[in-house]
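Everything on this sheet refers to the single structure shown next.
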């Protein structure tokens, strides 16, 4: 039953990169794993997952009905993957545990990896992804009631995810005590991928894959991912955004944010930024 | 409704009323067991065995479809009629269609110059929207969401179904429809029932083309005809409530019917942009193919 490995993050914090790295570590092929076929392709918010296990049309279900089904679906998924384990990508904060019951329940969980990134860079990337102005994005990142993918007028193929503010999101995950959680910082992964991968493999009990490290880094490089997107498209890119893989660099906020926006982010998140070494 | 006479304890504003003779299906309130004895397949919230299907929706109720002719509704206190109708018209009727040996396709369909054109695909890909676009061009809608196909002497025919389309608020804004008479599908859902602009299609129509819709992030529309195994697979994937087929014990019959349909129709894979803004353009592209 305890077969899910969560790949968790606030949006635009390197989750896809992490998934690409793990996929290319596990893969036995001499070519990069397709970006549309990475581990964690199972996304805890995807309505298709609900459709698969519930066997009915999701487009006419209310948000409440869908939210109630999510833990049950994850339980089925966990049971189905009892032998091999399964990676599940998730953006919800762990606050949802109190609100919705047991979405990220230790009963279905093997362990989890949480990747986080400097919120100043997140603001730039997330704004582009959403097709929003940076001011609005900065405001939402400080909003404790921020819910992702809650459409007002149309169909969305994702179930709304309760993110809360960036700070709350980070704290809700890193304070996890009911299963083992490994924390990766995007910036560390950029600076010293070999070292970070060694720690990751050790946590996932996959040390035997360490010989794939260099290849996995190469196959998951920003250029490689961006090239794949330009060739064949990436199925989780938001249509508001031109490219999912934008620059991948750390520190772009220095050019892209105004002093006011920087002050806002720092004002909203000072405590957690200090705690996580982003000050 | 799908060629059936229905007697129901809940009111369906959608159905044509009045018929003579015996009902094919009765719908009534009654006790639905929590556990289905001898279930051969279970998913989250559903249980099945041949001729039996139970659906359990927390907060709304339990639904049971048996023997292709009875639907029982065990609603929770406070569930309103709209909530119930969604599951009866959807999953329960889907199960009934399978139990009656039809081939229900997950598709909306229109009568285009005497031929049934099916728009199929996953939730949210635009099946009803395209049907609406064709209706605005003057071609009547046959079914929304589920198109049940009967095979009579090897020839499959689509029988007219629910005569209303269900469309999202953003689509209604985009296509600037003049329908005044719209009704919310459910509380808290920005999806609306629309009455038909045209008269209800009274007779079964022979299907000739199936367009399988996919959303893509690309700006351009692409439409490709598919053949061979891929064509068969695409039809099979788009059977309505395909997960019920095995548990209900109709997989062989279903397989044979898909083969027949496969010989009767052309199938196209359509990639359309995520935004609603190209709906009318897409309808024009499809019409060009149909007229070719």
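Protein chains in written order, with our numbering: chain A, 7 to 285; chain L, 609 to 900. The beta carbon of each residue, even a glycine, is placed where N, CA and C say it ideally should be.
Apart from sequence neighbours up to five positions away, the residues of its chain that approach residue 39 of chain A with a beta-carbon distance below 6 Å are 29, 30, 33, ordered along the chain. Of all residues in the region 824 to 838 of chain L, the ones placed with a Cβ closer than 8 Å to any Cβ belonging to chain A are 824, 825, 826, in chain order. Ranking L:891, L:860, L:659, L:633 by CA distance to the CA of residue 645 of chain L puts L:659 first.
Per DSSP, residue 49 of chain A is one residue of the beta strand (DSSP E) stretching across 46 to 49. By the Cβ test, the region 830 to 838 of chain L is not in contact with the region 790 to 804 of chain L, since fewer than three Cβ pairs between them sit closer than 8 Å. In terms of Cβ geometry, residue 134 of chain A and residue 247 of chain A form a close pair [threshold 8 Å]. With a contact defined as Cβ atoms closer than 8 Å, residue 694 of chain L and residue 66 of chain A qualify at about 5 Å.
Look at residue 682 of chain L here: in three-state DSSP terms it is strand.
Taken through DSSP and simplified to helix, strand or coil, residue 841 of chain L comes out as helix.
Within chain L, the residues 731 have their CB atoms less than 7 Å from the CB of residue 53 of chain A, given in chain order.
In the three-state reduction of the DSSP assignment, residue 172 of chain A falls in the helix class, which pools H, G and I. In the same chain as residue 683 of chain L, and ignoring 5 residues on each side of it, the C-beta atoms closer than 6 Å to its own belong to 669, 692, in chain order. For residue 243 of chain A, the neighbours in chain L by C-beta distance under 7 Å run, in chain order, 825.
Beta-bridge partners of residue 744 of chain L (DSSP): none assigned.
In terms of beta-carbon proximity, residue 654 of chain L lines the interface with chain A, with at least one pair separated by less than 8 Å. For the region 70 to 94 of chain A, the set of residues with a beta-carbon nearer than 9 Å to any beta-carbon of chain L comprises 70, 71, 74, 75, 78, 79, 81, 82, in chain order.
Counting along the chain, the unbroken alpha helix (DSSP H) around residue 135 of chain A starts and ends at 125 to 136.
Straight across, the Cα-Cα distance linking residue 141 of chain A with residue 168 of chain A is about 20 Å. For residue 634 of chain L, the three-state secondary structure derived from DSSP is strand. Residue 239 of chain A reaches chain L at 824, 825, 826, counting residues in chain order whose Cβ is nearer than 8 Å. Nearest CB-CB separation between residue 233 of chain A and chain L: not below the 8 Å threshold. Residue-level contact check: residue 776 of chain L touches chain A, since one or more beta carbons of chain A fall below 8 Å from its beta carbon.
Looking at the backbone, the Cα of residue 41 of chain A and that of residue 221 of chain A are separated by about 16 Å. Within 7 Å of the CB of residue 699 of chain L, the CB atoms of chain A belong to 62, in sequence order along the chain.
Residue 888 of chain L sits close to residue 741 of chain L, with the two beta carbons spaced by under 8 Å.
When beta bridges are read from the DSSP output, residue 12 of chain A appears opposite A:94, A:118. For residue 242 of chain A, there is no enclosing beta strand (DSSP E), as DSSP marks it with neither H nor E.
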